[in-house]
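Colleague: Shown below is the structure under consideration.
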Amino acid sequence: MARRGKDIPPEDVALWAEMMEDVTPLPGHARPVAPDVSEDSPQTLRPAKLPKQPLRIRDPEPALVAPIIGSGIDLNTRKSLERGQMAIEATLDLHGHNRDEGRSVMTAFLLSAYHEDKRCVLVITGKGRLTKNDEKPWWDSARGVLKSSFNDWVREPPLDRVVLHTALARGKHGGGGAYYVLLRQKRDK
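In the numbering used here, the protein residues as written are 1 to 189.
Written out as structure tokens, the structure is:
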């Protein structure tokens, strides 16, 4: 953080003064004053601290990003879902299933919940397991076959017609290995 009057380039001081011209101080307060930086004083700039090792930039895991932002969902409902505040009416645990089994079981579960007029359900995919030689962290998208497939499954037919919104579950409901699924309301009531 720059100390008052030091390490501030003259062009920033000029911009500050220009921005403060129209400011009316609150009653009992003085008018903002530009920092005192003289042209002849040397500007001391500290070199930025560089990390000892280069930073690795990686794409965020697709499952950690809200996978569906459905039309027809209001902000309060979406926030309630994402905060884990909606009542969970049914839960499906996909542990022990392979990709094909997991997809068919999840599809049947979500369609059944939709036809039973359930609104919010929890799907537990798991985070994926480590093998002896696997040094990747749990959030690496290369692990967790069911978890990495979940977003694709809910975006494809027939689930795209019944799923309104999904969100990564909070820790109390499984965290990174589970999803809240908000189902559409049936129109033929």
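Glycine residues also receive a C-beta, built at the ideal position from the N, C-alpha and C atoms.
1. The alpha helix (DSSP H) with leucine 81 in it runs from where to where?
2. Given arginine 78, which residues of its chain have a CB within under 7 Å of its CB, disregarding the five upstream and five downstream residues?
3. Strictly by DSSP, which residues pair up with isoleucine 124?
4. What is the residue span of the beta strand (DSSP E) that valine 163 lies within?
5. Exposed or buried, which one is glycine 102 when buried takes at least 16 other CB atoms within 10 Å?
6. Between the beta-carbon of leucine 182 and the beta-carbon of arginine 119, is there less than 9 Å?
7. Using a Cβ-Cβ cut-off of 8 Å (strictly less than) and excluding sequence neighbours within five positions of leucine 94, which residues of its own chain qualify?
8. Output needed for aspartate 117: all residues of its chain with C-beta closer than 7 Å, excluding positions within five of it in sequence on either side, in chain order.
9. Per DSSP, which one or two residues make a beta bridge with leucine 183?
10. Just to confirm before moving on: does the CB-CB distance between arginine 170 and tyrosine 114 stay below 9 Å?
11. How big is the Cα-Cα spacing for proline 158 and methionine 20?
12. Around the C-beta of leucine 15, are 16 or more other C-beta atoms found within 10 angstroms, so that it is buried, or is it exposed?
13. Would you identify the three-state DSSP class for glycine 144, choosing helix, strand or coil?
Modeller: Working from what's here:
1. Within the sequence shown, the letter at position 81 stands for residue 81. Unbroken alpha helix (DSSP H) run through leucine 81: 75-82.
2. Stepping through the sequence shown from its first residue, residue 78 is reached at position 78. Within the same chain, arginine 78 has close Cβ partners His165.
3. One-based indexing of the sequence shown puts residue 124 at position 124. Note: isoleucine 124 sits in a beta bridge opposite Asp93, Ala178.
4. As a first step, residue 163 must be located in the sequence shown, where it is residue number 163. From DSSP, the beta strand (DSSP E) with valine 163 extends over 163-168.
5. Here residue 102 corresponds to residue number 102 of the sequence shown, with the count starting at 1. Per the 10 Å Cβ criterion, buried.
6. Looking up residue 182 in the sequence shown gives position 182. Looking up residue 119 in the sequence shown gives position 119. Yes.
7. One-based indexing of the sequence shown puts residue 94 at position 94. Correct list, in chain order: Gly102, Val105, Met106, Val123, Ile124, Thr125, Gly126, Leu146.
8. The sequence position of residue 117 within the sequence shown is 117, counting from 1. Cβ neighbours of aspartate 117 beyond the five flanking positions: Lys186.
9. Working through the sequence shown from its first residue, we reach residue 183 at position 183. Answer is Val163.
10. Here residue 170 refers to the residue found at position 170 when the sequence shown is read from its first residue. Here residue 114 refers to the residue found at position 114 when the sequence shown is read from its first residue. Cβ atoms of arginine 170 and tyrosine 114: not closer than 9 Å.
11. Residue 158 sits at position 158 when you count from the first residue of the sequence shown. Residue 20 sits at position 20 when you count from the first residue of the sequence shown. Those two C-alpha atoms are separated by around 58 Å.
12. Against the sequence shown, residue 15 aligns to sequence position 15. Answer is exposed; the Cβ neighbour count stays below 16.
13. Indexing the sequence shown from 1 puts residue 144 at position 144. Correct three-state label for glycine 144: coil.
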